[in-house]
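Novice: Could you have a look at this structure, given as structure tokens, before my questions?
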């Protein structure tokens, strides 16, 4: 059975002589049919950001101000961290930023499943089959959060590789991209290193085995001073960037501001452009862990 699932070898002569179709990106630099992650400390706004990505892919409405020509499609969200009532409040706040047509498109193209209170483990056949079925015909699946869909050891590279392998099986069979939300390490959050690839909590496999990783982080006092933001307003601003982007050109980080109801919209601040990437070994981060 396994042999039947394996692909054929690439025809090299055809590859040499035939120009391939342009790469299909679901999000900036995130190739269709792949697995990626959004990493941030708790409470920064990654759940709201995932809702806004659902809006972007399902309707084309770009609340973040991304420089990206989106190809629309259907979206499914597996929300395992927040109960249905909380999700309804967020969706209501988001709806205030959408016109009647965009709301209609959301109702047709997006399915939101609240999984809180329902035991879920993607490593189990029943949960895998259910998730596979939800991914069929979808362009993007958003999982909030990674920790809530498995019972494995996050620090065990083998177990995390197996978990990512389950997601890759789904993307390979359906063509649906999977984006999972995940937390940074405590050390990275405390030391302002959340914009690094290595900031992802748990085994390095969670970064090394995927080809796209984004981050969301709060505004520091230094950044607030640089942009002239009063201290009492600093908590309303967050920075979004893509430190790991194996396909496509790099893009500047974006500043977002929390609007009414917590919705993240373009802050209108000058984009952040890194002149020299910050790097740190995972050993150095681990030594700072609590």
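Residue numbers (our numbering): 3 to 292. By construction, the Cβ of each residue, glycine as well, lies at the ideal position given by its N, Cα and C atoms. Only a predicted model underlies this, so the values are computations on that prediction, with no experimental measurement involved.
From the DSSP output, in three-state form, read off residue 109 for me.
Specialist: Of the three classes helix, strand and coil, the one that applies to residue 109 here is helix, per DSSP.
Novice: Using three-state DSSP, classify residue 258 as helix, strand or coil.
Specialist: Note: residue 258 maps to strand in three-state DSSP.
Novice: Within this structure, are the beta carbons of residue 82 and residue 155 separated by less than 8 Å?
Specialist: Not closer than 8 Å, so no.
Novice: Spell out a yes or no on whether the segment 33-47 and the segment 108-121 are touching, meaning 3 or more CB-CB pairs, one atom from each, closer than 8 Å.
Specialist: In short, these stretches do not touch, since the Cβ pair count stays below three.
Novice: Enumerated in chain order, which unbroken segments of the beta strand (DSSP E) with a length of 3 residues or greater are wholly contained in the segment 154-181?
Specialist: Fully enclosed beta strand (DSSP E) runs of 3 or longer: not present.
Novice: Just reading off the alpha helix (DSSP H) that residue 146 is part of, what are its end residues?
Specialist: Taken as a continuous stretch (DSSP letters only), residue 146 belongs to no alpha helix (DSSP H), being part of the beta strand (DSSP E) at 142-146.
Novice: From the DSSP secondary-structure annotation, give me the bridge partner or partners of residue 81.
Specialist: The partner list for residue 81 (beta bridge, DSSP) reads 116, 146.
Novice: Are the Cβ atoms of residue 179 and residue 142 separated by less than 8 Å?
Specialist: Their beta carbons are under 8 Å apart, which means residue 179 touches residue 142 by this criterion.
Novice: Let me make sure I understand the geometry here. Which of 263, 45, 210, 8 has the alpha-carbon closest to that of residue 220?
Specialist: The option with the nearest alpha carbon to residue 220 is 45.
Novice: What residues match up with residue 186 in a beta bridge as DSSP calls it?
Specialist: DSSP lists 202 as partners of residue 186.
Novice: What is the rounded straight-line gap between the Cα of residue 105 and the Cα of residue 97?
Specialist: Going by the C-alpha atoms only, they are around 7 Å apart.
Novice: Which residues does DSSP pair with residue 220 in a beta bridge?
Specialist: DSSP lists 240 as partners of residue 220.
Novice: Does DSSP classify residue 65 as helix, strand or coil?
Specialist: Coil, per DSSP.
Novice: Which word fits residue 54, buried or exposed, when buried means at least 16 other C-beta atoms lie within 10 angstroms of its C-beta?
Specialist: With 16 or more Cβ atoms within 10 Å of its Cβ, residue 54 is classed as buried.
Novice: Per DSSP, what kind of secondary structure is residue 247 in: helix, strand or coil?
Specialist: Strand, per DSSP.
Novice: Measuring alpha carbon to alpha carbon, tell me which residue in 242, 269, 214, 72 is nearest residue 60.
Specialist: The shortest Cα separation from residue 60 among 242, 269, 214, 72 belongs to 72.
Novice: When burial is assigned at 16 or more other CB atoms within 10 Å of the CB, is residue 25 buried or exposed?
Specialist: Burial call: exposed.
Novice: Are the beta-carbon atoms of residue 163 and residue 207 separated by less than 8 Å?
Specialist: Going by C-beta atoms, residue 163 is nearer than 8 Å to residue 207.
Novice: Could you spell out where the beta strand (DSSP E) holding residue 70 opens and where it closes?
Specialist: Per DSSP, residue 70 belongs to no beta strand (DSSP E) and is neither H nor E.
Novice: Alpha carbon to alpha carbon, how far is residue 5 from residue 18?
Specialist: Reliability of the predicted coordinates at residue 5 is poor, the pLDDT of 46 falling under 50, and the value obtained from them is presented with this limitation in mind. The alpha-carbon atoms of residue 5 and residue 18 are separated by roughly 27 Å.
Novice: Residue 250: which of 20, 11, 32, 210 sits nearest, CA to CA?
Specialist: The candidate whose alpha carbon is nearest that of residue 250 is 32.
Novice: Who are the near neighbours of residue 196 in its chain, counting only those whose CB is closer than 6 Å to its CB and skipping five residues on each side?
Specialist: Low local confidence applies: a pLDDT of 48 at residue 196 is under 50, so the model's placement there is unreliable, and no value is given.
Novice: Hey, how far is the Cα of residue 239 from the Cα of residue 270?
Specialist: Near 11 Å, if we compare the C-alpha coordinates of residue 270 and residue 239.
Novice: Within 10 angstroms of the Cβ of residue 172, are there 16 or more other Cβ atoms? Answer buried if so, exposed if not.
Specialist: The residue in question, residue 172, is buried, as its Cβ has 16 or more Cβ neighbours within 10 Å.
Novice: What does residue 27 pair with, by DSSP beta-bridge criteria?
Specialist: Paired residue(s): 33.
Novice: Which value, in whole angstroms, describes the spacing of the CA atoms of residue 134 and residue 144?
Specialist: About 13 Å.
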